[in-house]
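K.L.:
Residue numbers (the working numbering), protein chains in the order written: chain A, 617 to 780; chain B, 549 to 753. The structure follows.
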């Protein structure tokens, strides 16, 4: 009888200790991720399909790089000197290149946002966009919003493909 | 001595200037530059610019409040391959080749070309036939011959010629009044003009 009571009290103590550890660990974990700073930040994304039947490696789709990155939360990262590259399914070069001196990457919302300058070259340089006061890039649907003053240059070949 | 040094310095400067490569000629941009004040949105199929939009290319300048460009991508999705027997067929996507389909300019549209100027509410440029249709409650087109007021005008940017649909009013330019006056003068006939004789009774029909 005494033994059973003792074992149950031990189990309760272990459970309480585990609970306490978890209670302490979760805020601590959040605090730790908030302070993490990295250099040469890289966030690659890959296509679902492999390159070929013989090559099971998935082809690179997106590559977000930054000189320095700081985790503001578990999902949001502040990136300095960011460079976003998008690769077509064929894998021949980039078809979109975006540069920003500072931006936030939200891995949960899958967006890149910034309040400063952004320079974008797309479609082999046929489209060039400059934004000066903020942008938001939805990496899921490939929608770019550039706020306020923008400058866009569309090359003539885009309008008349026969004049190449 | 000082004079000699000064002369040598001048000579050095002159030779250095002479050695400079000539400045390259100003390259004529063969691109469409679009500026907007209230932002822009780009997606895979279209682009929208808002607020005091100004678009300029070597042959045309457009001002409006909202500019929409629609792109089409001819992504080749026909290369269906089946490498291994049990493997499902894979669709190989080729590189998407973007091309502009049409541009729509809305609200306070003003189009300026070297020889013409058009003001309207809405302009649609179709890349397939390279024609621009300008519509609005009051569309005004001006060129060297005069000005046309109408509600719908088809403008060919290549030839800078107009084609007017519907009721319109043409006001000839002062310099070309005599040449275009024939359009508004009564039809001429070979019969001599009827002169009413004094005292003659007008014939009743």
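Heads up, the beta-carbon is just placed ideally off N, CA and C, and yes, glycines get one too. All figures in this text were calculated on a predicted structure; none of them were measured in a lab.
Label residue 739/A either buried or exposed according to how many other C-beta atoms from any shown protein chain fall within 10 Å of its C-beta, with 16 as the threshold for buried.
P.N.:
Counted from its first residue, the first chain places residue 739/A at position 123. With 16 or more Cβ atoms within 10 Å of its Cβ, residue 739/A is classed as buried.
K.L.:
Please state whether the Cβ-Cβ distance between residue 600/B and residue 617/B is less than 9 angstroms.
P.N.:
The residue you call residue 600/B lines up with position 52 of the second chain. The residue you call residue 617/B lines up with position 69 of the second chain. In this structure, residue 617/B does not lie closer than 9 angstroms to residue 600/B by Cβ.
K.L.:
Look at the alpha carbon of residue 673/A and the alpha carbon of residue 594/B, and state the distance between them as a whole number of angstroms.
P.N.:
The residue you call residue 673/A lines up with position 57 of the first chain. The residue you call residue 594/B lines up with position 46 of the second chain. Each residue's Cα considered, the two are about 33 angstroms apart.
K.L.:
Looking at chain B, is there any beta carbon in it that lies within less than 9 angstroms of the beta carbon of residue 733/A?
P.N.:
For the purposes of this step, residue 733/A is taken as residue 117 along the first chain, with counting starting at 1. Not an interface residue.
K.L.:
Going along the stretch 756-767 of chain A in order, which residues come within less than 9 angstroms of chain B, judged by CB to CB distance?
P.N.:
Against chain B - using a Cβ distance shorter than 9 angstroms - the residues of the stretch 756-767 of chain A are 757, 758, 759, 760, 761, 762, 763, 764, 765, 766, 767.
K.L.:
Closest Cβ-Cβ distance between residue 614/B and chain A: below 9 angstroms?
P.N.:
Numbered from 1 along the second chain, position 66 holds the residue referred to as residue 614/B. Residue 614/B does not count as touching chain A.
K.L.:
Three or more beta-carbon pairs under 8 angstroms between the stretch 699-715 of chain A and the stretch 675-683 of chain A, yes or no?
P.N.:
Verdict: yes, contact present.
K.L.:
Quick check on residue 636/B: does DSSP put it in helix, strand or coil?
P.N.:
Residue 636/B sits at position 88 when you count from the first residue of the second chain. Model confidence at residue 636/B stands at a pLDDT of 45, short of 50, so the residue's coordinates are unreliable and nothing is read from them.
K.L.:
So what does residue 608/B bridge to, in DSSP terms?
P.N.:
Counting from one through the second chain, the residue named residue 608/B turns up at place 60. BP columns for residue 608/B point to 605/B.
K.L.:
Using a Cβ-Cβ cut-off of 9 angstroms, state whether residue 772/A counts as contacting chain B.
P.N.:
The residue given as residue 772/A occupies position 156 in the first chain. Closer than 9 angstroms: yes.
K.L.:
When DSSP builds the beta bridges, which residues end up paired with residue 654/B?
P.N.:
Taking the first residue of the second chain as position 1, residue 654/B is located at position 106. 614/B, 670/B, per the DSSP bridge assignment.
K.L.:
Any idea what DSSP makes of residue 588/B, helix, strand or coil?
P.N.:
Translated into the one-based positions of the second chain, residue 588/B becomes position 40. Residue 588/B falls in the strand class under three-state DSSP.
K.L.:
Measuring alpha carbon to alpha carbon, tell me which residue in 708/B, 696/B, 659/B is nearest residue 714/B.
P.N.:
Reading the second chain from its first residue, position 166 is the one you call residue 714/B. Among 708/B, 696/B, 659/B, the Cα nearest to that of residue 714/B belongs to 696/B.
K.L.:
Establish whether the CB of residue 728/A and some CB of chain B are separated by less than 9 angstroms.
P.N.:
Here residue 728/A refers to the residue found at position 112 when the first chain is read from its first residue. Answer no: the Cβ-Cβ gap between residue 728/A and chain B never drops below 9 angstroms.
K.L.:
Cα separation between residue 630/A and residue 636/A?
P.N.:
Within the first chain, the letter at position 14 stands for residue 630/A. Within the first chain, the letter at position 20 stands for residue 636/A. Computed Cα separation, rounded: 10 angstroms.
K.L.:
Roughly how many angstroms separate the alpha carbons of residue 705/B and residue 762/A, rounded to a whole number?
P.N.:
Taking the second chain and counting its residues from 1, one reaches residue 705/B at position 157. Taking the first chain and counting its residues from 1, one reaches residue 762/A at position 146. Using only the alpha carbons, I get a separation of about 30 angstroms.
K.L.:
Taking Cβ positions only, does residue 637/A come closer than 9 angstroms to chain B?
P.N.:
Start at 1 with the first residue of the first chain, and residue 637/A comes out as number 21. Taking Cβ atoms only, chain B never reaches closer than 9 angstroms to residue 637/A, which makes this a no.
K.L.:
Can you name the residues of chain A whose CB is closer than 9 angstroms to the CB of residue 688/B?
P.N.:
Taking the second chain and counting its residues from 1, one reaches residue 688/B at position 140. The contacting residues do not exist; residue 688/B stays about 26 angstroms from chain A at best.
K.L.:
Beta carbon of residue 756/A, beta carbon of residue 720/A: below 9 angstroms?
P.N.:
As a working mapping, residue 756/A is identified with position 140 in the first chain. As a working mapping, residue 720/A is identified with position 104 in the first chain. No, the Cβ-Cβ distance between residue 756/A and residue 720/A is not below 9 angstroms.
K.L.:
If you compare alpha carbons, which of 664/A, 767/A, 772/A is closest to residue 590/B?
P.N.:
Taking the first residue of the second chain as 1, we reach residue 590/B at position 42. Nearest of 664/A, 767/A, 772/A to residue 590/B, Cα basis: 767/A.
K.L.:
Along chain B, which residues have their Cβ under 9 angstroms away from the Cβ of residue 769/A?
P.N.:
On the first chain, residue 769/A is found 153 positions in, with the first residue counted as 1. The answer, in chain order, is 577, 579, 580, 581, 582.
K.L.:
Only counting the same chain, and skipping five residues up and downstream in sequence, which positions put a Cβ closer than 7 angstroms to that of residue 663/A?
P.N.:
Sequence index remark: in the first chain, residue 663/A carries index 47 (1-based). Once the five neighbours on either side are set aside, the close Cβ partners of residue 663/A are 674, 675, 677, 705.
K.L.:
Name, going along the chain, the residues of the stretch 585-615 of chain B whose beta-carbon falls closer than 8 angstroms to a beta-carbon of chain A.
P.N.:
So the list reads 585, 586, 587, 588, 589, 590, 591, 592, 595, 597, 605, given in the order they occur along the chain.
K.L.:
Once DSSP output is grouped into helix, strand and coil, what is the label at residue 705/A?
P.N.:
Stepping through the first chain from its first residue, residue 705/A is reached at position 89. Coil.
K.L.:
If we define contact as Cβ-Cβ less than 9 angstroms, is residue 653/B a contact residue for chain A?
P.N.:
Stepping through the second chain from its first residue, residue 653/B is reached at position 105. Residue 653/B does not count as touching chain A.
K.L.:
Just checking: is the beta-carbon of residue 730/B within a distance shorter than 9 angstroms of some beta-carbon in chain A?
P.N.:
The residue given as residue 730/B occupies position 182 in the second chain. Low confidence applies here, because residue 730/B scores a pLDDT of 39, under 50, leaving its location unreliable; read the following figure in that light. Output row for residue 730/B: interface = no.
K.L.:
With 7 angstroms as the limit, tell me which residues of the stretch 658-685 of chain B have their beta carbon closer than that to any beta carbon of chain A; keep them in chain order.
P.N.:
So the list reads 675, given in the order they occur along the chain.
K.L.:
Check whether the Cβ of residue 703/B lies closer than 9 angstroms to any Cβ atom in chain A.
P.N.:
Along the second chain, one-based indexing puts residue 703/B at 155. Cβ-Cβ to chain A under 9 angstroms: no for residue 703/B.
K.L.:
Let me see if you follow: with CB-CB separation under 9 angstroms, is residue 747/A close to chain B or not?
P.N.:
Position 131 of the first chain, counted from the start, is the residue given in the question as residue 747/A. Yes, its Cβ sits closer than 9 angstroms to a Cβ of chain B.
K.L.:
Determine the direct distance from the alpha carbon of residue 580/B to that of residue 771/A, and round the result to whole angstroms.
P.N.:
Translated into the one-based positions of the first chain, residue 771/A becomes position 155. Translated into the one-based positions of the second chain, residue 580/B becomes position 32. Rounded to whole angstroms, residue 771/A to residue 580/B spans 6 angstroms at the Cα level.
K.L.:
Classify residue 636/A as helix, strand or coil using the three-state DSSP reduction.
P.N.:
The sequence position of residue 636/A within the first chain is 20, counting from 1. Three-state result, residue 636/A: helix.
K.L.:
Rounded to the nearest angstrom, how far is the Cβ of residue 672/B from that of residue 703/B, given a contact under 8 angstroms?
P.N.:
Sequence index remark: in the second chain, residue 672/B carries index 124 (1-based). Sequence index remark: in the second chain, residue 703/B carries index 155 (1-based). No, residue 672/B and residue 703/B are not in contact; Cβ-Cβ is about 11 angstroms, not under 8 angstroms.
K.L.:
Determine the burial state of residue 716/A: buried for a count of at least 16 other Cβ atoms within 10 Å of its Cβ, exposed for fewer.
P.N.:
Within the first chain, residue 716/A is the residue found at index 100, counting from 1. Answer is buried; the Cβ neighbour count reaches 16.
K.L.:
By Cβ distance, which residues of its chain are closer than 6 angstroms to residue 613/B, with the 5 residues on each side in sequence left out?
P.N.:
Locating residue 613/B in the second chain gives position 65, counting from the first residue. Cβ within range, chain order: 655, 656.
K.L.:
Go ahead and label residue 651/A buried or exposed: buried means 16 or more other beta carbons lie within 10 angstroms of its beta carbon, across all protein chains shown.
P.N.:
Here residue 651/A corresponds to residue number 35 of the first chain, with the count starting at 1. The residue is exposed, with fewer than 16 neighbouring Cβ atoms inside 10 Å.
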